[in-house]
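Its first residue numbered 0, the sequence shown is counted upward by one per residue in numbering that gives the first Met the number 0. Where is the CB? At the ideal position from N, CA and C, for every residue including glycine. Note that the structure is a prediction, hence the values are computed from the model and not measured.
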Amino acid sequence: MKIGIVVSEYNYDITMNMLLRAEEEAKFLGAEVHRVLKVPGTFDIPLGVK
């Protein structure tokens, strides 16, 4: 299974740690992270998902 992750760059230290953990969990579950999209803030995440 391929997945994409959208992550905010706001609170960079926290969100990048969350991204690393999400990628590790995806790998553990047998999913492939096909694409990571970084957006400036949390309000931009819905646009990134679209």
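Asked	Found
beta-carbon LYS49 near the ligand GDP non-hydrogen atom, thresh 6 Å	This structure lacks the ligand GDP, and indeed carries no ligand of any kind.
CB contact flag (GLY47, VAL5, <7 Å)	yes
For VAL38 and GLU22, believed in contact at Cβ under 8 Å, the rounded distance	Contact doesn't hold; Cβ gap of about 17 Å is too wide.
Beta-carbon proximity list for ALA25, same chain, < 7 Å, skipping 5 on both sides	ILE2, VAL32
Unbroken alpha helix (DSSP H) run spanning GLU24, endpoints	11-27
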